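The listed protein sequences derive, respectively, from chains A and B.
Under my numbering, think of the first position of the first sequence as 1, with each following residue one higher.
Under my numbering, think of the first position of the second sequence as 1, with each following residue one higher.
Worksheet: one structure, shown below.
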Amino acid sequence: SKAFNEKKNGEFGDDDDSDDVLDSAVEASDARIMGAKPVNKVAYIEKVRETYYNKIASKASSFASRRSRKKHKNKNKNDKNNKKPTHYKGKVDRYSIVTVAGSVIPTFNPAFRVWEYNISGLESSCSTNAMHTQEWGTFFDNLETKIEQDLMEEENTFGWAGALWRSGKIDKTIPSRMPTDLPLGPAYTPQLFTPTRFVQYYADLKDIERKYSQALDDGLNEEEAAAKAFAYQVEYSSDDAPYPMKSLLTKDYIDLAVELAYNETLWTKFTERAFLSSGYDD
Amino acid sequence: QLSGGKSKTLRGRFLHITDIHPDPFYKTGTSVAQMCHRGKPEDKSDRAPRFGTAMNGCDSSMDLMEYTLKWVEDNLRDQIDFVVWTGDNIRHDNDRRNPRTESQIFDLNAQMAQRFEKIFRNPDNIDPRDFDVEVIPSLGNNDVFPHNLFSLGPTLQTRELTNMWSNFVPQEQQRAFARGTSYFVEVIPGKLAVLSIETLYLYKANPLVDTCNSKKEPGYQLLLWLGYVLEELRSRNMKVWLTGHVPPLPKNYDGNCFHKYTLWTNEYRDIIIGGLYGHMNIDHFIPLDAKKSWKAIEKSN
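If you want it as structure tokens, here you go:
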């Protein structure tokens, strides 16, 4: 199937983020179903780079060059517009960012993350808290009825949405487009609740084991030794070098994806962090 | 200031923790080749240390779990507003001499829920739902039995889950939870919600998930629920984090479940702050492209 699709579409068919390219994700996932040992994780993260980051970078550069050509063409007509091209300004809201966390299980080193988000201005807006249009209890009672009604409507398992649309019915599991008069939310423009920074914590198990053994050798009992040796520490923060993120807006992630696509040094650091500084390699 | 004369100080921070996988069979000093459950180690590298070794394939020792949660309690509890906890609270099914049972899975999940409650609940209030730090758990593919298989409720599993998470799931949502095991918590009432999504209903490896096209599919019903809830949150001008165990990747979610889910995450970009997931164990991010998902949906029509 994969070979057929590649032949049909070309290796990088237009806008075809062929799901097949993440095959190794499934392989890796299947391999670890029965255990925690990491398998093919470098292959997986390389595929993430190829499938997502490289394609975004390639779109960004083609968009930038289109803009640049257009500006060059217009330069003589209107010099006032001769600003530095902004790569994909206004183009990032097609993206939504999914963050996948490192785990406590020592597949790599144990880890978790603390997110920081903007709460400034919340005090002044708290006065509107009580203005609920409807209590949640009522909402959920009505919701149950609505979903039951939706499900009771004629079942059409053949041809799915096409058949639904032909029959004039709407597939309610497909959202309507966001109304154009709504402003972008905290993921896109800085505002209340926008994530601003994160701190990634990890437990360096080698270091902990060394300290634990040393403490036992020093005559501490097991609990004292564990208390002395066991600690989480900061692995990195989102604003740390070598790719500090000013904030955690979607645009910042897209910028980072573009950088990671082009810069091998940054990519090496990114993968080191992806594997929780465990030194993992396939 | 909250209703009922209560107040809460916000820190502007929250914790995301995932895939703890504690293993009650883990025994320090046993053989890694025997999943750290038994056997004499062949050499130093085969010996199971007390807190584990990265990449050796064993699950978390109970000590690793306990010391991790204690570290969180001592160092983070009073610095955070809420906890997003995205599941997998039980060992892998990797030992043929100790196959997992449904009751073991329930028991350890219940213990973990109690552990989180104890850490984050208000110790001065007898109300079990009064948390200093709200906890929003979601279900992992290892938390269900048989492995990966999870159907719409009400079933024995959803009933057990409703019981063990009864203090986490808001009261008015418990009936809906017993059916769909998704819910949300207003971590800042009227302002900010965290939505816990039952991603196993979209998960390709769940044998009960085929597509999200048919009304009989759990994923279809989940997306219906999601749509109504997002619309209501929008109407209340609230913002929301989406959370769950299995991240929305094309190879994790059934094809059109993935595209439909991507569309919801993007068409509600006026209120959705982002998505927090676990399962993969790798720290990274994925930009989902709604334009491509619209094309895929239109093409399939």
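Positions of the beta carbon are idealized from the N, C-alpha and C atoms, including for glycine.
None of these values were measured; they are calculated from a predicted model.
Inter-residue Cα distance where the pair is residue i and residue j
i               : j               : result
Q1 of chain B   : H147 of chain B : 44 Å
L10 of chain B  : E116 of chain A : 11 Å
A178 of chain B : T162 of chain B : 6 Å
G29 of chain B  : K44 of chain B  : 10 Å
P242 of chain A : S3 of chain B   : 45 Å
L192 of chain B : P190 of chain A : 16 Å
G279 of chain A : R49 of chain A  : 19 Å
Y253 of chain A : Q214 of chain A : 42 Å
Y202 of chain A : F184 of chain B : 28 Å
N266 of chain B : C36 of chain B  : 44 Å
F230 of chain A : S60 of chain B  : 14 Å
L256 of chain A : S61 of chain A  : 14 Å
E117 of chain B : P128 of chain B : 8 Å
S7 of chain B   : Q174 of chain B : 25 Å
N56 of chain B  : D218 of chain A : 28 Å
T250 of chain A : T196 of chain A : 11 Å
D282 of chain A : T268 of chain A : 14 Å
K37 of chain A  : W71 of chain B  : 25 Å
is_contact[residue i, chain B] using C-beta, thresh 8 Å
i               : result
Y212 of chain A : yes
Y117 of chain A : yes
V100 of chain A : yes
S176 of chain A : yes
P244 of chain A : no
W136 of chain A : yes
L220 of chain A : no
L182 of chain A : yes
N263 of chain A : no
N54 of chain A  : no
L151 of chain A : yes
K251 of chain A : no
K269 of chain A : no
D282 of chain A : no
G121 of chain A : no
T157 of chain A : Unreliable placement is indicated for T157 of chain A, whose pLDDT of 47 sits below 50; the coordinate value is still reported in the next sentence. With 8 Å as the cut-off, T157 of chain A counts as an interface residue toward chain B.
C-beta contact flag for residue i and residue j at 8 Å
i               : j               : result
V104 of chain A : F112 of chain A : yes
T194 of chain A : N109 of chain A : no
P106 of chain A : G180 of chain B : no
H284 of chain B : D88 of chain B  : no
L202 of chain B : Y253 of chain B : yes
F106 of chain B : P137 of chain B : no
D210 of chain B : R234 of chain B : no
F275 of chain A : K41 of chain A  : yes
P287 of chain B : Y188 of chain A : no
E81 of chain B  : F14 of chain B  : Before going on, a small fix: residue 81 of chain B reads as Asp here, not Glu. Yes, they are a contact pair.
Per-residue burial, residue i [other beta carbons within 10 Å of its own, 16 or more giving buried]
i               : result
L260 of chain A : buried
A54 of chain B  : buried
L182 of chain A : exposed
S293 of chain B : buried
N125 of chain B : exposed
E134 of chain B : buried
S58 of chain A  : exposed
T158 of chain B : buried
I45 of chain A  : buried
Q233 of chain A : exposed
Y52 of chain A  : buried
Cut-off 8 Å between Cβ atoms - residues of its own chain near residue i, not counting five sequence neighbours on either side
i               : result
K84 of chain A  : Any answer about K84 of chain A is weak, because its pLDDT of 39 lies below 50 and its placement is not dependable; what the coordinates show is given next. Result list for K84 of chain A: empty, nothing under 8 Å.
D19 of chain B  : T86, G87, D88, G140, G278, H279 and N281
L263 of chain B : A290, S293, W294 and I297
N122 of chain B : D130, F131 and D132
C58 of chain B  : D23, Y26, V32, M35, C36, A48 and G52
Contact with chain A by residue i, beta-carbon distance below 8 Å
i               : result
H245 of chain B : no
E267 of chain B : yes
S166 of chain B : no
Y228 of chain B : yes
I197 of chain B : no
H21 of chain B  : yes
S103 of chain B : no
H92 of chain B  : yes
P99 of chain B  : no
S45 of chain B  : no
6 Å CB neighbourhood of residue i in its chain, flanking five on each side removed
i               : result
T265 of chain A : none
K260 of chain B : C212 and L223
G275 of chain B : L242
E73 of chain B  : I119
Proximity test, Cβ basis, 8 Å: residue i and chain E
i               : result
Q173 of chain B : Reference to chain E is not applicable here, since the protein chains of this structure are A and B.
Distance cut-off 7 Å: residue i Cβ against heavy atoms of the ligand FAD
i               : result
I105 of chain A : Looking for the ligand FAD in the displayed structure turns up nothing, as the structure carries no ligands at all.
7 Å Cβ shell around residue i - same chain, five flanking residues per side excluded
i               : result
L152 of chain B : R179, G180, P218 and Q221
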